[in-house]
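**Q** Dropping the structure in here first, questions after.
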Amino acid sequence: MIALLLGACGSDEPRVAQGNRQGILHFGNGTEPQGLDPHVVTGIPEMHVIVTLFEGLVTKNPHTLEPEPGVAKRWNISEDGLTVTFHLNDRARWSNGDPVTAYDFVWSWQRALSPKMGNQYAYMLYPVKNAEAFATGEITDFSHVGVTAKDAQTLVVTLNAPTPYFIQLMDHQSTYPVHRQTIEKFGNAFDRFTPWTRVENIVSNGAFRLTDWKLNRRIEVTKSDTYWDRDKVALNGVVFYPTENISTEERMFRVGQLHRTESIPLDKIPVYRAMQDSPYINSPYLGTYYYLFNTSKPPLDNLNVRKALSLAIDRRRLTETVMHGSTLPAYSITPPGTLGYEPPKVFEHDVEQAQELLAQAGYPDGKGWPGLELVYNTSESHLKVAVALQQMWKDALNIDITLANEEWKVYLDTVDQMDFQMARRGWIGDYVDPNNFLDLFLCDGGNNSTGFCDPVYDDMILQQAPQATTREARYAIFQAAETRLMEQMPIVPIYTYTSNHLVQPGVRGMSSNVMDWINFKYISLDQDQRAVD
Amino acid sequence: MWRFIGSRLLQAIPVLLVVITVTFFLVRVAPGGPFSSEKAVIPEVKAALEAQYRLDRPVLEQYIAYLGDLIRGDLGPSFKYPGRSVNELIGAGFPVTAELALYALLVALLIGVGAGVVASLRPNTAQDYIPMSAAMIGICIPSLLLGPLLILVFGIYLDWLPVSGWGDMPGDKILPAITLGAVYAAYIARLSRAGMLEVMTQDYIRTARAKGIPEWRVVVVHGLRGGLTPVVAFLGPAFAGLLSGSFVVETIFQVPGLGRFYVQAAFNRDYTMILGATVFLSSLIVVFNLLSDVLNAWMNPRLRSRAGQNT
Chain F
346 MIALLLGACG SDEPRVAQGN RQGILHFGNG TEPQGLDPHV VTGIPEMHVI VTLFEGLVTK
406 NPHTLEPEPG VAKRWNISED GLTVTFHLND RARWSNGDPV TAYDFVWSWQ RALSPKMGNQ
466 YAYMLYPVKN AEAFATGEIT DFSHVGVTAK DAQTLVVTLN APTPYFIQLM DHQSTYPVHR
526 QTIEKFGNAF DRFTPWTRVE NIVSNGAFRL TDWKLNRRIE VTKSDTYWDR DKVALNGVVF
586 YPTENISTEE RMFRVGQLHR TESIPLDKIP VYRAMQDSPY INSPYLGTYY YLFNTSKPPL
646 DNLNVRKALS LAIDRRRLTE TVMHGSTLPA YSITPPGTLG YEPPKVFEHD VEQAQELLAQ
706 AGYPDGKGWP GLELVYNTSE SHLKVAVALQ QMWKDALNID ITLANEEWKV YLDTVDQMDF
766 QMARRGWIGD YVDPNNFLDL FLCDGGNNST GFCDPVYDDM ILQQAPQATT REARYAIFQA
826 AETRLMEQMP IVPIYTYTSN HLVQPGVRGM SSNVMDWINF KYISLDQDQR AVD
Chain G
4 MWRFIGSRLL QAIPVLLVVI TVTFFLVRVA PGGPFSSEKA VIPEVKAALE AQYRLDRPVL
64 EQYIAYLGDL IRGDLGPSFK YPGRSVNELI GAGFPVTAEL ALYALLVALL IGVGAGVVAS
124 LRPNTAQDYI PMSAAMIGIC IPSLLLGPLL ILVFGIYLDW LPVSGWGDMP GDKILPAITL
184 GAVYAAYIAR LSRAGMLEVM TQDYIRTARA KGIPEWRVVV VHGLRGGLTP VVAFLGPAFA
244 GLLSGSFVVE TIFQVPGLGR FYVQAAFNRD YTMILGATVF LSSLIVVFNL LSDVLNAWMN
304 PRLRSRAGQN T
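Protein chains in written order, with the numbering used here: chain F, 346 to 878; chain G, 4 to 314.
Next comes the structure, spelled out in structure tokens:
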């Protein structure tokens, strides 16, 4: 006990000030990563660490989100859009000094697609010829998959169809190369459970290398001296902290223990926003919060009811009051500003029209309303939104909505089995392209969950859009498809997510973008800056 | 005495078997599985995952296989953290939880026994009411509130102690230990007050006083040993409670203990981790209750002879 108390007397320089001097970024990372194998894990905290350790063929510019050279120094797309040739940088190295070659990519993609790996993001490679057939076990010979190494520096990829966003996918963790000899040294290469990602074992090819990993405590990465673009890397290291309690995370920020938080408690937003030189960063995020309508069950099988419910919501009031301005009203499934794509606005808040539509559906002024249940997963903010909407529907349409909250995994089952009338849902884009949101509602889309099926819509997304020769033409098709979708209203968009972080004033180069994507290569720390008081 | 310990250990086996069986089947009937996720998992991937964790076999077969592994000391691979075994996760989290529980127990004893003894010396006066009211408040304030309050005062306003972490910064173990220990300090204060009140009226205390022994010696040497018997009996369950109930404190202070893994496992339907942690913590509770009984018997000769006769 005495030692415990004596231990309290030590240096009281905040970690942030120390980090600014040493070039070490202290990063609030949400939860403890499940693991660091790029072909196994799926979450955002995992991704933050993995992008420091590994690099794909391309990487993203954090300001524009346009692809820029990673392991590939350049690439060409054939005129028919079916063949992509990547020319690899001969200076690209693994952390043990081995060169990163095209053969590494071929082997890594085989691993990423292998059904045994159970890689939930294998579909990122599905645009590659026969990749889906291999991943689902239809074919077992990987040589039929459209990826070959012409030589150590040239990777040739053949696609099923022209895929304008293919280059975008090449910085997804599922497409990252992994070091074959290292993985094979620690067990079966196609086994999820080998310990190759442990500190003492891992070999990676990114701007940083793993130097410490204490479970539920910290993950530390240090600047790699074998990385091809190391002169551009300003940070000497990053320390990731699992911060699943957002109140604790905010307190850690307040006393200068963190440079950046993963999120911020809703009720603290007004306080930070009011500060001079506020550390609060809020910017649109590639994600939409919406409610699913089960179009196969009454009363939501009636289009007028669906429209009435959507039109009766005052999204502006909801985002400004309940969400403290931390989100933006949404009128479409695709968030605005998705690489230049602007979604159509098919409807607006219109109580009178909503009442009319409800009357047409046979429930004038809510008379004869059979009742409706909204299912959401237990969370304070989902509850706040649900209660606000319940009241708006009562005021505008005089109808009662019952709220049912379910524990996360129970809720996932309910949605998966479509055992609901109306359910909360959110979708965060995996890559910056409208396709990532619009293909949710294909007839056989695994995440459709509404019963909506429109062959014309499917044709637009699957056939017409990929054939478009220019970005403008493609976006025009997407806009037409999205208009069609929103006219049939299988979902009710509520708000566009925003990313909400607290960032210390000494952090440079952590620009806001719709993917909330951080390219750690671009970040530097101002050593003269102190922590926020 | 040895027979007493042996028979108690034998009794523990069916208890643990029931705990394992009930937990095993309960987690499997809970809706939602370890692989359900917000983004649809394609059937081939799901099948591959299920096969890797033996979930494609009949439940009874899984149960028997689990018991077999358990006998060999293998708690299985974690569902949530691929590449890590449950043994490894418990190995990483438990020492931290144990250390936290130990400090919390020290805090509880120091504050609790002190307050209880002081209160018992002058019953029904301010010297009694003040510490006992404080103890009552201690019981009533949940750590969910006390933790952030202590952080606010000592971490943020006074800036004396770190607001989170464990072994990362000097002094970061103090606030979690106090928060976790506070409730138990309050219980111990009440128990030691009651114990001391009873002992201090005994004949041997009167004899000690009559012999002219100074009052502090009467209290510390003669009174405490008998007066603290109820506290000692409480220590076993208290330590077990501290070990298994540290989740809230671990979350508030970002302490990388077993509690956080355990509760997250339930949310994630990490079957093997839920089972492993349950088996591990139940075994600990059995052991601590036994230790507490043994210690109690050692301190109280009457109990010891009765235990000897009964077994």
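Note that beta-carbon positions come from the ideal geometry of N, C-alpha and C, so glycine has one too.
Which full runs of the alpha helix (DSSP H) of 4+ residues lie inside the region 22-88 of chain G, going along the chain?
**A** 46-55, 62-74
**Q** Skipping 5 residues on each side, what residues in its chain have a beta carbon closer than 7 Å to that of G/Val221?
**A** Locating residue 221 of chain G in the second sequence gives position 218, counting from the first residue. Ile208, Ala211, Arg212, listed in sequence order.
**Q** So, with DSSP's three-state summary, where would you put F/His384?
**A** Along the first sequence, one-based indexing puts residue 384 of chain F at 39. It is coil, neither helix nor strand.
**Q** Taking only runs of the alpha helix (DSSP H) that begin and end inside the region 587-634 of chain F, which ones reach a length of at least 4 residues, in chain order?
**A** Here the runs fully enclosed are 591-599, 614-618.
**Q** One question on the structure: do F/Glu607 and F/Gly582 come within less than 8 Å of each other, judged by their Cβ atoms?
**A** On the first sequence, residue 607 of chain F is found 262 positions in, with the first residue counted as 1. On the first sequence, residue 582 of chain F is found 237 positions in, with the first residue counted as 1. No, they are not a contact pair.
**Q** Cα-Cα, which of F/Trp753, F/Gln513, F/Tyr708 is closest to F/Asp745?
**A** If you number the first sequence from 1, residue 745 of chain F lands on position 400. With distances taken between CA atoms, F/Asp745 lies nearest to F/Tyr708 out of F/Trp753, F/Gln513, F/Tyr708.
**Q** Please name the residues in the region 49-61 of chain G whose beta-carbon is closer than 7 Å to at least one beta-carbon of chain F, in chain order.
**A** Listed by position along the chain: Ala51, Leu52, Gln55.
**Q** Using 8 Å as the threshold, is the region 488-501 of chain F in touch with the region 435-450 of chain F, meaning 3 or more CB pairs across them?
**A** yes
**Q** Taking Cβ-Cβ distances below 9 Å as the criterion, which residues of the region 155-174 of chain G are in contact with chain F?
**A** Leu155, Gly158, Ile159, Asp162, Trp163, Leu164, Pro165, Val166, Ser167, Gly168, Trp169, Gly170, Asp171, Met172, Pro173, Gly174: these are the residues of the region 155-174 of chain G whose beta carbon lies less than 9 Å from some beta carbon of chain F, given in chain order.
**Q** What's the gap between the Cα of G/Val62 and the Cα of G/Leu78?
**A** Indexing the second sequence from 1 puts residue 62 of chain G at position 59. Indexing the second sequence from 1 puts residue 78 of chain G at position 75. Their Cα atoms are separated by approximately 17 Å.
**Q** Do you know offhand how far F/Gly632's Cα is from F/Leu703's?
**A** For the purposes of this step, residue 632 of chain F is taken as the residue at position 287 of the first sequence. For the purposes of this step, residue 703 of chain F is taken as the residue at position 358 of the first sequence. Going from the Cα of F/Gly632 to the Cα of F/Leu703 covers about 30 Å.
**Q** Does the Cβ of F/Lys530 have 16 or more other Cβ atoms within 10 Å, making it buried, or fewer, making it exposed?
**A** Position 185 of the first sequence, counted from the start, is the residue given in the question as residue 530 of chain F. So F/Lys530 counts as exposed.
**Q** Please go through the region 621-696 of chain F and give each complete beta strand (DSSP E) segment of 3 or more residues, from N-terminal end onward.
**A** 625-638
**Q** Can you tell me whether G/Leu200 is helix, strand or coil according to DSSP?
**A** Mapped onto the second sequence, residue 200 of chain G falls at position 197. In this structure, G/Leu200 counts as helix in the three-state DSSP scheme.
**Q** On the CB-based measure, 16 or more other CB atoms within 10 Å of its CB, does G/Leu278 come out buried or exposed?
**A** The residue given as residue 278 of chain G occupies position 275 in the second sequence. Per the 10 Å Cβ criterion, buried.
**Q** Determine which residues of the region 18-44 of chain G have a Cβ less than 9 Å from any Cβ of chain F, and write them out in chain order.
**A** Ala33, Pro34, Gly35, Gly36, Pro37, Phe38, Ser39, Ser40, Glu41, Lys42, Ala43, Val44
**Q** Can you give me the start and stop residues for the beta strand (DSSP E) that F/Lys866 sits inside?
**A** For the purposes of this step, residue 866 of chain F is taken as residue 521 along the first sequence, with counting starting at 1. Per DSSP, F/Lys866 lies in no beta strand (DSSP E) and is assigned neither H nor E.
**Q** Short of 7 Å in beta carbon distance, which residues of its chain neighbour F/Asn441, apart from the five on each side in sequence? Order them along the chain.
**A** Within the first sequence, residue 441 of chain F is the residue found at index 96, counting from 1. Here the set comprises Val548.
**Q** Could you check whether F/Tyr802 and F/Phe786 sit closer than 8 Å to each other, using their CB atoms as the reference points?
**A** Taking the first sequence and counting its residues from 1, the one referred to as residue 786 of chain F is at position 441. Taking the first sequence and counting its residues from 1, the one referred to as residue 802 of chain F is at position 457. Yes, these two residues count as a Cβ contact at 8 Å.
**Q** Taking contact to mean 3 or more Cβ pairs, one atom from each stretch, closer than 8 Å, check whether the region 832-842 of chain F and the region 650-657 of chain F are in contact.
**A** Pairwise C-beta distances place the region 832-842 of chain F in contact with the region 650-657 of chain F, as three or more of them are shorter than 8 Å.
**Q** Does F/Gly373 get closer than 8 Å to chain G when you measure Cβ to Cβ?
**A** Here residue 373 of chain F corresponds to residue number 28 of the first sequence, with the count starting at 1. Output row for F/Gly373: interface = no.
**Q** Residues of chain F with a CB under 9 Å from the CB of G/Gln205: which are they?
**A** Within the second sequence, numbered from 1, the residue matching residue 205 of chain G stands at position 202. Neighbours of G/Gln205 on chain F: none; closest Cβ ~32 Å, over 9 Å.
**Q** Round the Cβ separation of F/Asn743 and F/Ala706 to the nearest angstrom and send it over; I've been treating them as touching at under 8 Å.
**A** Here residue 743 of chain F is taken as the residue at index 398 of the first sequence, counted from 1. Here residue 706 of chain F is taken as the residue at index 361 of the first sequence, counted from 1. Under the criterion of beta carbons closer than 8 Å, F/Asn743 and F/Ala706 do not qualify as touching, at roughly 13 Å.
**Q** What are the residues of the region 744-770 of chain F that lie near chain G, defined by any Cβ-Cβ distance shorter than 9 Å?
**A** Glu751, Glu752, Trp753, Lys754, Val755, Tyr756, Leu757, Asp758, Thr759, Val760, Asp761, Arg770
**Q** Below 8 Å on the Cβ atoms is my contact criterion, and I expect G/Thr254 with F/Asn590 to pass it. Report the Cβ-Cβ distance as a whole number of Å.
**A** Start at 1 with the first residue of the second sequence, and residue 254 of chain G comes out as number 251. Start at 1 with the first residue of the first sequence, and residue 590 of chain F comes out as number 245. The beta carbons of G/Thr254 and F/Asn590 sit about 5 Å from each other, so the pair counts as a contact at 8 Å.
**Q** F/Glu377: buried (16+ other C-beta within 10 angstroms of its C-beta) or exposed?
**A** One-based indexing of the first sequence puts residue 377 of chain F at position 32. Buried, because 16 or more other Cβ atoms sit within 10 Å of the Cβ of F/Glu377.
**Q** Can you tell me the Cα-Cα spacing of F/Tyr471 and F/Asn505, whole angstroms?
**A** On the first sequence, residue 471 of chain F is found 126 positions in, with the first residue counted as 1. On the first sequence, residue 505 of chain F is found 160 positions in, with the first residue counted as 1. If you take the alpha carbons of F/Tyr471 and F/Asn505, they lie about 8 Å apart.
**Q** Under the rule that 16 or more other beta-carbon atoms within 10 Å means buried, what is F/Pro680, buried or exposed?
**A** Here residue 680 of chain F refers to the residue found at position 335 when the first sequence is read from its first residue. Burial call: buried.
**Q** Taking its Cβ as the centre, do 16 or more other Cβ atoms sit within 10 Å of F/Leu847, making it buried, or is it exposed?
**A** Translated into positions along the first sequence, residue 847 of chain F becomes position 502. F/Leu847 should be labelled buried.
**Q** The region 457-481 of chain F: which residues have C-beta closer than 8 Å to a C-beta of chain G, in chain order?
**A** Pro460, Lys461, Met462, Gly463, Asn464, Gln465, Ala467, Tyr468, Ala480, Thr481
**Q** Are the region 190-200 of chain G and the region 223-234 of chain G touching, with three or more C-beta to C-beta distances below 8 Å?
**A** Touching, yes.
**Q** In three-state terms, what does DSSP make of F/Phe765?
**A** One-based indexing of the first sequence puts residue 765 of chain F at position 420. In the three-state reduction of the DSSP assignment, F/Phe765 falls in the coil class.
**Q** Since F/Phe479 is in the alpha helix (DSSP H), which residue starts that stretch and which ends it?
**A** Taking the first residue of the first sequence as 1, we reach residue 479 of chain F at position 134. Note, F/Phe479: alpha helix (DSSP H), 476-480.
**Q** Rounded to whole angstroms, what is the Cα-Cα separation between F/Pro715 and F/Thr664?
**A** In the first sequence, counting from the first residue as 1, residue 715 of chain F sits at position 370. In the first sequence, counting from the first residue as 1, residue 664 of chain F sits at position 319. Between F/Pro715 and F/Thr664, the C-alpha separation is close to 29 Å.
**Q** Using DSSP with H/G/I as helix, E/B as strand and the rest coil, what is F/Arg366?
**A** For the purposes of this step, residue 366 of chain F is taken as residue 21 along the first sequence, with counting starting at 1. In this structure, F/Arg366 counts as helix in the three-state DSSP scheme.
**Q** Residues in the same chain with beta-carbon distance under 8 Å from F/Trp338, minus the five sequence neighbours each way, listed in chain order, please.
**A** Here chain F has residues from 346 to 878 only, and residue 338 of chain F is not among them.
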